[in-house]
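Participant: So for the sequence shown, numbering that gives the first Met the number 0 puts the first residue at 0; every next one is plus one.
Glycine included, every Cβ here is placed at the ideal spot set by N, Cα and C.
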Amino acid sequence: MLKATFEIEVTTPLFLAGANQAEVELRPPSLRGPLRYWYRALIGGITGGDLAEVRRREAQVFGEAEHGSPISIRISEVTLPQRELPTFKRTDDQPGASYLFWSMDRTKDRPCRQYYQPGTRFQLTLTAHEKDQQALIEAIISLWLLTNLGGLGARSRRCAGSLVIRSSALSFASELELPLLSPGQATDLDTLAALLTLGLQEIKRFLSVSKLSSVENARFDIIAPGNCYIALLSPQNGWLRVDEALEAVGKQLQQYRRSLPADDRRAFGLPLPTLKKRLASPLHLHITTIDSSYVCVATIFKNRLLQQRHFNVIKNFIKNFPEATKREIEL
Numbered sequence: 000m001l002k003a004t005f006e007i008e009v010t011t012p013l014f015l016a017g018a019n020q021a022e023v024e025l026r027p028p029s030l031r032g033p034l035r036y037w038y039r040a041l042i043g044g045i046t047g048g049d050l051a052e053v054r055r056r057e058a059q060v061f062g063e064a065e066h067g068s069p070i071s072i073r074i075s076e077v078t079l080p081q082r083e084l085p086t087f088k089r090t091d092d093q094p095g096a097s098y099l100f101w102s103m104d105r106t107k108d109r110p111c112r113q114y115y116q117p118g119t120r121f122q123l124t125l126t127a128h129e130k131d132q133q134a135l136i137e138a139i140i141s142l143w144l145l146t147n148l149g150g151l152g153a154r155s156r157r158c159a160g161s162l163v164i165r166s167s168a169l170s171f172a173s174e175l176e177l178p179l180l181s182p183g184q185a186t187d188l189d190t191l192a193a194l195l196t197l198g199l200q201e202i203k204r205f206l207s208v209s210k211l212s213s214v215e216n217a218r219f220d221i222i223a224p225g226n227c228y229i230a231l232l233s234p235q236n237g238w239l240r241v242d243e244a245l246e247a248v249g250k251q252l253q254q255y256r257r258s259l260p261a262d263d264r265r266a267f268g269l270p271l272p273t274l275k276k277r278l279a280s281p282l283h284l285h286i287t288t289i290d291s292s293y294v295c296v297a298t299i300f301k302n303r304l305l306q307q308r309h310f311n312v313i314k315n316f317i318k319n320f321p322e323a324t325k326r327e328i329e330l
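1. Taking the alpha carbon of F320 as the point to measure from, which residue in A230, E137 and F267 has its own alpha carbon closest?
2. Skipping 5 residues on each side, what residues in its chain have a beta carbon closer than 6 Å to that of G152?
3. Can you name, in chain order, every residue of its own chain whose Cβ lies under 8 Å from the Cβ of L239, other than the five neighbours on each side?
4. Classify K318: buried if its beta carbon has 16 or more other beta carbons within 10 angstroms, exposed otherwise.
5. Excluding sequence positions up to five away, which residues of its chain have a Cβ less than 6 Å from the Cβ of I313?
6. Report the three-state DSSP secondary structure of K210 (helix, strand or coil).
7. So the candidates are I222, L125 and D242; which of them puts its Cα closest to the Cα of T46?
8. Could you compute how far the alpha carbon of R332 sits from the alpha carbon of L84?
9. Label L284 either buried or exposed according to how many other C-beta atoms from any shown protein chain fall within 10 Å of its C-beta, with 16 as the threshold for buried.
10. Any contact between the stretch 136-148 and the stretch 91-99? By contact I mean 3 or more CB pairs, one from each, below 8 Å.
11. Can you list, in chain order, the residues of its chain whose CB lies under 7 Å from that of L197, leaving out five sequence neighbours each side?
12. Going by beta carbon distance, what residues of the same chain come within less than 6 Å of L278, once the five residues before and after it are set aside?
13. With a cut-off of 8 Å, do at least 3 Cβ pairs link the stretch 139-149 to the stretch 30-49?
14. Who are Y98's beta bridge partners in DSSP?
15. Considering only DSSP beta bridges, list what R120 is partnered with.
16. Pick from V60, R89, K2 and Q235: whose alpha carbon is nearest that of S141?
17. Are the stretch 73-92 and the stretch 109-127 in contact at 8 Å, needing three or more beta carbon pairs?
18. In this structure, does DSSP put I72 in helix, strand or coil?
19. What ranges does the beta strand (DSSP E) occupy inside the stretch 124-179, keeping only unbroken runs of at least 3 residues that lie completely in it?
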């Protein structure tokens, strides 16, 4: 058997639950969905949005109804920074986090949601038979995208459930050499931007593509120029604490969205008080670490459900983020 082992740290509150929504629960199925999502977005850019080919390749790695995945996922050694798991409640002294995670507060149907605190660590093990080495490596690529651009659990598009890989070990030789699989590599914003760009270039090299193909009116989220925009946000010296990062990002997002006309506010997702339809936000906000500070990674996807004008509205939120240094990531 081939094995890939990762020590993963939670950097922002992680809201995960099973049948009992009041209690946290970290299980392999909670990871499979996000891994599929990021893999689909990547393969969409590689195949030019060919949905049939995307589904075929996704099934080879993560399985489908007719056959299971060749990749086994195991979570173990969950280590909490303190014994008691906290619950989330909106407070006046943390308006940014309260805005980002508002739906995790008490509702008429359930109590306040529990969460895994920043600093929680767990071991993730991916295994596969030797004949499925290619599928295992592609699952590792998906994990790299998830831990550098996305998040896990509820409110993951609004900074919750951000993860970082602290260590990694493979039981086999791999031709894929991804950066940011161990701590200490990114010491400043420019280095992080360079390493993310290098990682995307390495993924393209490994998958034997020279570029990611843009798709007009894409039917799903795709990582490709024109369909995806990635940028880093940070004050000059980074945010020194994760709660500072959450407050800054949350307050600025709330203020910016409130300043927009009603039709432009829908660009960030639905529902709104005046429009009860549901539409997932095209903006993913992820908090990561560089040296001893925190930065925000913002990713926007443009598909057929998002007009170009609304795409630009979200880009302006990033480009006009006050008192922050920005770095765009080359796709």
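Facilitator: Put simply:
1. A230
2. L13, F14, L15 and G160
3. S291, S292 and Y293
4. exposed
5. A266, L282 and I299
6. coil
7. I222
8. Nothing about residue 332 can be read from this structure; the chain reaches only from 0 to 330.
9. buried
10. no
11. P178
12. G268 and L269
13. yes
14. Note: Y98 sits in no beta bridge, so no partner.
15. E8 and T78
16. V60
17. yes
18. strand
19. 162-169
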